[in-house]
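If you want my numbering, it's the position in the sequence shown, counting the first as 1, plus 1. What follows is a short report on a single structure.
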Amino acid sequence: MNNNIPKESKEQIIKIIDLCKSKLKENLVGIYLHGSLAMGCFNKYKSDIDIIVVMKEPIRHKENMINEFMKISLKPSPIEISFLLEDKLKNPDSICQYDLHYSEYWREKYTNMFLENKELGRDVLEDGDLPAHMRVISERGITLWGKDKDLIFPKISDEDYLKSILYDFEDAWDNYYKKPEYYILNTCRILNFIETNKVTSKREAGEWALDILPARFRAIITSSLDIYDGRKMVTSFNNKLIENFLVYANENIMKNI
2 MNNNIPKESK EQIIKIIDLC KSKLKENLVG IYLHGSLAMG CFNKYKSDID IIVVMKEPIR
62 HKENMINEFM KISLKPSPIE ISFLLEDKLK NPDSICQYDL HYSEYWREKY TNMFLENKEL
122 GRDVLEDGDL PAHMRVISER GITLWGKDKD LIFPKISDED YLKSILYDFE DAWDNYYKKP
182 EYYILNTCRI LNFIETNKVT SKREAGEWAL DILPARFRAI ITSSLDIYDG RKMVTSFNNK
242 LIENFLVYAN ENIMKNI
């Protein structure tokens, strides 16, 4: 495992690996790290541990698996984990499909479901973010256990990667005020990719944006980086300036898609 990963995060990842090996046994193909922890910009007070698990067959007892991840998540970091089927990764039409997903966003939903003795649905589930995660794993991710990442994940084209990271940008218009630093830095990441075709972290994209984008946006980008890196806990943002930034970004995006 990467020596740059904090001790507490390593211990949490080992628990995740042990759980997956125990529950999935021969069904488990591989476990892969992506996101800020893989790219060297993890903030142990704010960042998620982002993981993709690849399997041969669907999980039979999904509720049990969710219960286990609810125990591990937030101790100390939130976990965001998706379970994918190996065969689905071989077909371009099914690479967005997943068998199971857990993140803190879904904790309340799962808790209420268990209290009401409901079972998880068995419908086909899709996540448009998955192609972006796969590209990150291929270029900068870490194989934590199992088959090497280069033997598992399909090549994600620039076009499909951009389409995938644009999902969060579409969400920004209605939700930027809830977590402005996230949407600002994610928008920087999109603009960086359009300009450079490089897969970057939010921190890397924000630092790039300070030098490249118009000076009028420098204050909100700097504040976003300060929050992201833990130099500030909270700060006030100029919402009108954020809206102007989104308009500016949208104009640049529309020229390139």
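We put the CB at the ideal spot given by N, CA and C, even for glycine.
{"Asked": "Can you tell me whether residue 122 is buried or exposed, with buried defined as 16 or more other CB within 10 angstroms of its CB?", "Found": "exposed"}
{"Asked": "Measure from the C-beta of residue 240 to each C-beta in chain D and report whether the shortest distance is under 8 angstroms.", "Found": "Absence of chain D from the displayed structure is noted, only one protein chain being present."}
{"Asked": "Quick check on residue 84: does DSSP put it in helix, strand or coil?", "Found": "strand"}
{"Asked": "Would you list the one or two residues that DSSP bridges to residue 56?", "Found": "29 and 86"}
{"Asked": "Can you say whether residue 40 is buried or exposed, counting buried as having 16 or more other CB atoms within 10 angstroms of its CB?", "Found": "buried"}
{"Asked": "Three-state secondary structure (DSSP) at residue 51?", "Found": "strand"}
{"Asked": "Once DSSP output is grouped into helix, strand and coil, what is the label at residue 144?", "Found": "strand"}
{"Asked": "Using only the alpha-carbon positions, how far apart do residue 28 and residue 61 sit?", "Found": "11 angstroms"}
{"Asked": "Just confirm the distance between the C-beta atoms of residue 142 and residue 150, as a whole number of angstroms; I'd bet it's less than 8 angstroms.", "Found": "6 angstroms"}
{"Asked": "Could you pull the DSSP bridge partners for residue 211 from this structure?", "Found": "Residue 211 pairs with nothing; no bridge assigned."}
{"Asked": "Find out if the Cβ-Cβ distance for the pair residue 53, residue 138 is shorter than 8 angstroms.", "Found": "yes"}
{"Asked": "According to the neighbour-count rule (16 or more other Cβ atoms, all chains shown, within 10 Å of its Cβ), is residue 213 buried or exposed?", "Found": "exposed"}
{"Asked": "By a C-beta neighbour count over all protein chains shown, 10 Å radius and 16 as the cutoff for buried, is residue 31 buried or exposed?", "Found": "buried"}
{"Asked": "Is it a yes or a no for the region 182-191 touching the region 203-211, going by three-plus beta-carbon pairs under 8 angstroms?", "Found": "yes"}
{"Asked": "Taking the alpha-carbon positions, what's the residue 155 to residue 257 distance?", "Found": "24 angstroms"}
{"Asked": "Quick check: the Cα distance between residue 180 and residue 240, rounded to an integer number of angstroms?", "Found": "12 angstroms"}
{"Asked": "When the Cα atoms are used, what is the spatial distance from residue 125 to residue 92?", "Found": "15 angstroms"}
{"Asked": "What residue range is occupied by the uninterrupted beta strand (DSSP E) comprising residue 103?", "Found": "101-103"}
{"Asked": "For the alpha helix (DSSP H) that contains residue 216, what are its first and last residues?", "Found": "Here residue 216 belongs to no alpha helix (DSSP H), and DSSP marks it neither H nor E."}
{"Asked": "Ordered along the chain, which non-local residues of its own chain (more than five positions away) have a Cβ less than 6 angstroms from that of residue 104?", "Found": "81"}
{"Asked": "In this structure, does DSSP put residue 127 in helix, strand or coil?", "Found": "strand"}
{"Asked": "Could you tell me the alpha carbon to alpha carbon distance between residue 159 and residue 194, rounded to whole angstroms?", "Found": "9 angstroms"}
{"Asked": "Quick check: the region 11-26 against the region 107-121, are there 3 or more CB pairs under 8 angstroms?", "Found": "no"}
{"Asked": "Using CA atoms only, rank isn't needed, just tell me which of 7, 42, 45 and 87 is closest to residue 57.", "Found": "87"}
{"Asked": "Taking the C-alpha atoms as reference points, what is the distance between residue 238 and residue 219?", "Found": "12 angstroms"}
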